[in-house]
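In what follows, a structure is listed as structure tokens, so that the remarks can point back to it.
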Amino acid sequence: TFGTLINYYRTGDYAFFTMGREMAAHRRDYDQNHTQNPLAKRSGGQAYEKGFFHGNFSPPTPSHTWVHGLLLNYVMTGDEGSRESALEVGEFIKRQHPETWDGQWGSRILGWQIEGLMNLYNYLGDAQYVTLAKSSILRWDFQDNAIGEGGLDGVVPNQAWTVPHAQTWMHAIVLNAICKYYLNTFDPQVLPCIQRLGDFMATQVVFQAPAGPDSNRSLARVWEQVGPNNYQNNPSGHHVWVTSAALSWASLCTRNPLYMAVAEDLYGSVARYHQTSSSDATPRDYNDPASYSLIAFRMHMFPNAETKIMSNIALWGQPYLIAKSLWDQNF
256 TFGTLINYYR TGDYAFFTMG REMAAHRRDY DQNHTQNPLA KRSGGQAYEK GFFHGNFSPP
316 TPSHTWVHGL LLNYVMTGDE GSRESALEVG EFIKRQHPET WDGQWGSRIL GWQIEGLMNL
376 YNYLGDAQYV TLAKSSILRW DFQDNAIGEG GLDGVVPNQA WTVPHAQTWM HAIVLNAICK
436 YYLNTFDPQV LPCIQRLGDF MATQVVFQAP AGPDSNRSLA RVWEQVGPNN YQNNPSGHHV
496 WVTSAALSWA SLCTRNPLYM AVAEDLYGSV ARYHQTSSSD ATPRDYNDPA SYSLIAFRMH
556 MFPNAETKIM SNIALWGQPY LIAKSLWDQN F
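Those letters in the sequence shown? Residues 256 to 586, per this note's numbering, in order.
Okay, structure coming up:
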């Protein structure tokens, strides 16, 4: 929903607005649990939805509940139903207690909750959301410092795995969210956390940076898993999107040109060649539009989650464009 509505502002194409309103209505009325049972933890959570090939077999979870589209629809149209549903999402997040997160089962769980809280604060202005967001960030900071990282600053390895490691794309979701907190508050207390995560993304996560002239340039790949004691596993192409997004936001918070340079390299590759297999990073002619990946609904890089493809690209494809404009002062 957010990815569609925001593109009305980006392009002026009214079709995005028309389609986005329909999507918002579906998200508001059908894709959220609206039970009024005060004991129901699921109330306000979004229907767990990944797509036919992956399965939709879970009750609402904080890792799959998003609110930005509802809020954008509210401010664009004045739809009170979207606002009421967004408030329910806020209550759902509060019941999950992100401020006591134990560090297990995916850092995206905490990241999406912080991002949801910051979206609610941004649009509705209620200080309870930004207060809880900060408490949740401090909880991340505590876990980062409490767990032995084997020399990896900014990492909270999931100890439940056979080989404890960080899912790097989940850590990127956390970095996105912490950056949004900072850009709203300019709270210096979270800057060290942003810098640790940013350094991790820029120096430990990138498996292959694009190299060579534009006419014969290799493709970007990142490690999906990084852990203590030099553990690195599973080079990925589609996680380049969120890594570029996270480093773009971090570059605006810290003014670190390294973050922006890496984000630019990653974006230049994945925006052109998002359909290539993760195992195929052979050089391409970046100047030849005929070599670029085609747009398709079920893209090769997202074989098991087809309905998240467009939304991921719409969400994580924009931060670099925003950061680039601000760095260059070119609007």
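Glycine included, every Cβ here is placed at the ideal spot set by N, Cα and C.
Just how far apart, CA to CA, sit residue i and residue j?
{"i": "residue 414", "j": "residue 395", "result": "15 Å"}
{"i": "residue 282", "j": "residue 258", "result": "13 Å"}
{"i": "residue 543", "j": "residue 491", "result": "24 Å"}
{"i": "residue 461", "j": "residue 290", "result": "44 Å"}
{"i": "residue 483", "j": "residue 292", "result": "44 Å"}
{"i": "residue 275", "j": "residue 377", "result": "20 Å"}
{"i": "residue 446", "j": "residue 502", "result": "14 Å"}
{"i": "residue 481", "j": "residue 430", "result": "16 Å"}
{"i": "residue 418", "j": "residue 507", "result": "34 Å"}
{"i": "residue 536", "j": "residue 270", "result": "36 Å"}
{"i": "residue 367", "j": "residue 457", "result": "21 Å"}
{"i": "residue 416", "j": "residue 479", "result": "14 Å"}
{"i": "residue 474", "j": "residue 357", "result": "36 Å"}
{"i": "residue 388", "j": "residue 488", "result": "31 Å"}
{"i": "residue 443", "j": "residue 520", "result": "28 Å"}
{"i": "residue 335", "j": "residue 360", "result": "35 Å"}
{"i": "residue 384", "j": "residue 534", "result": "42 Å"}
{"i": "residue 412", "j": "residue 459", "result": "14 Å"}
{"i": "residue 320", "j": "residue 354", "result": "17 Å"}
{"i": "residue 509", "j": "residue 390", "result": "21 Å"}
{"i": "residue 472", "j": "residue 526", "result": "14 Å"}
{"i": "residue 379", "j": "residue 532", "result": "41 Å"}
{"i": "residue 512", "j": "residue 576", "result": "15 Å"}
{"i": "residue 386", "j": "residue 538", "result": "47 Å"}
{"i": "residue 455", "j": "residue 528", "result": "24 Å"}
{"i": "residue 273", "j": "residue 284", "result": "17 Å"}
{"i": "residue 278", "j": "residue 493", "result": "25 Å"}
{"i": "residue 295", "j": "residue 584", "result": "49 Å"}
Among the candidates the options, whose CA atom is the shortest distance from the CA of residue i?
{"i": "residue 329", "options": "313, 287, 260, 360", "result": "260"}
{"i": "residue 256", "options": "298, 322, 317", "result": "322"}
{"i": "residue 327", "options": "303, 280, 298", "result": "280"}
{"i": "residue 346", "options": "381, 408, 360", "result": "381"}
{"i": "residue 410", "options": "289, 398, 477", "result": "398"}
{"i": "residue 464", "options": "486, 495, 408", "result": "495"}
{"i": "residue 372", "options": "296, 362, 392, 359", "result": "392"}
{"i": "residue 351", "options": "369, 336, 341", "result": "369"}
{"i": "residue 572", "options": "584, 523, 324", "result": "523"}
{"i": "residue 421", "options": "485, 379, 569", "result": "485"}
Are there any heavy atoms of the ligand MG lying less than 6 Å away from the beta-carbon of residue i, as far as the coordinates show?
{"i": "residue 430", "result": "Looking at this structure, you won't find the ligand MG or any other ligand, since it has none at all."}
Got a sec? Which residues, its chain only, sit under 6 Å from residue i by beta carbon, not counting five neighbours each side?
{"i": "residue 332", "result": "none"}
{"i": "residue 338", "result": "329"}
{"i": "residue 299", "result": "343, 344, 346, 347"}
{"i": "residue 540", "result": "470, 546"}
{"i": "residue 514", "result": "453, 457, 502, 505, 506"}
{"i": "residue 313", "result": "303"}
{"i": "residue 435", "result": "373"}
{"i": "residue 569", "result": "258"}
{"i": "residue 288", "result": "297, 298, 300, 315"}
{"i": "residue 262", "result": "271"}
Are the Cβ atoms of residue i and residue j separated by less than 7 Å?
{"i": "residue 363", "j": "residue 428", "result": "yes"}
{"i": "residue 497", "j": "residue 424", "result": "yes"}
{"i": "residue 297", "j": "residue 317", "result": "no"}
{"i": "residue 518", "j": "residue 499", "result": "yes"}
{"i": "residue 630", "j": "residue 341", "result": "A query on residue 630 cannot be resolved here, the shown segment of the chain reaching from 256 to 586 and no further."}
For residue i, count neighbouring Cβ atoms within 10 angstroms of its own Cβ and tell me buried if that reaches 16, exposed if not.
{"i": "residue 578", "result": "buried"}
{"i": "residue 467", "result": "exposed"}
{"i": "residue 264", "result": "exposed"}
{"i": "residue 441", "result": "exposed"}
{"i": "residue 439", "result": "exposed"}
{"i": "residue 400", "result": "exposed"}
{"i": "residue 375", "result": "buried"}
Enumerate in chain order the residues of its own chain whose CB-to-CB distance from residue i is below 7 Å, with the five nearest sequence positions on each side excluded.
{"i": "residue 580", "result": "586"}
{"i": "residue 567", "result": "496"}
{"i": "residue 266", "result": "none"}
{"i": "residue 574", "result": "500, 503, 504"}
{"i": "residue 349", "result": "387"}
Once you ignore the five residues that flank residue i on each side, which residues in its own chain have a CB closer than 8 Å to its CB?
{"i": "residue 452", "result": "409, 426, 429, 430, 433, 501, 505"}
{"i": "residue 437", "result": "445, 446, 449, 508"}
{"i": "residue 268", "result": "262"}
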